[in-house]
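Asker:
Numbering (our numbering), first residue to last: 7 to 97.
#1: Rounded C-beta distance between residue 84 and residue 48? I'm assuming under 8 Å.
#2: Can you give me the C-alpha to C-alpha distance between residue 17 and residue 24, rounded to a whole angstrom?
#3: Return the CA-CA distance between residue 38 and residue 77, expressed in angstroms with no decimal places.
#4: Which value, in whole angstroms, describes the spacing of the CA atoms of residue 52 and residue 26?
#5: Which of helix, strand or coil does DSSP assign to residue 24?
#6: How far does the beta strand (DSSP E) with residue 59 in it reach, from first residue to last?
#7: According to the neighbour-count rule (16 or more other Cβ atoms, all chains shown, within 10 Å of its Cβ), is residue 50 buried or exposed?
#8: Note the first and the last residue of the continuous beta strand (DSSP E) segment covering residue 96.
#9: Assuming residue 79 is part of the beta strand (DSSP E), what are its boundary residues?
Structure, rendered in structure tokens:
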């Protein structure tokens, strides 16, 4: 079974970081930059609970930065701007 597991990628463990959300106007912003060729693409999700159901908006931007922390910071800024421009009516 170990051989088949290795053959089909089952032995790889994906260590996904736990992201602390940033609360903004009732929304939770999760910065989740994507590593690409030594740089980090701006990505993440915005969530909000509406009528007991958690709604989520995932986005990936074309912007890439050399620092993961810079990508997180810019993602949060762009998310706040998106929330403000849409008057909070994302979902």
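Ideal Cβ placement from N, Cα and C applies to all residues, glycine included.
Answerer: The answer reads as follows:
#1: 7 Å
#2: Legend: pLDDT at residue 17 = 46, less than 50; position of this residue unreliable, no value from coordinates given.
#3: 9 Å
#4: 12 Å
#5: coil
#6: 59-71
#7: buried
#8: No beta strand (DSSP E) holds residue 96; DSSP gives it neither H nor E.
#9: First-last for residue 79: 74-91, but that is the alpha helix (DSSP H), not the beta strand (DSSP E).
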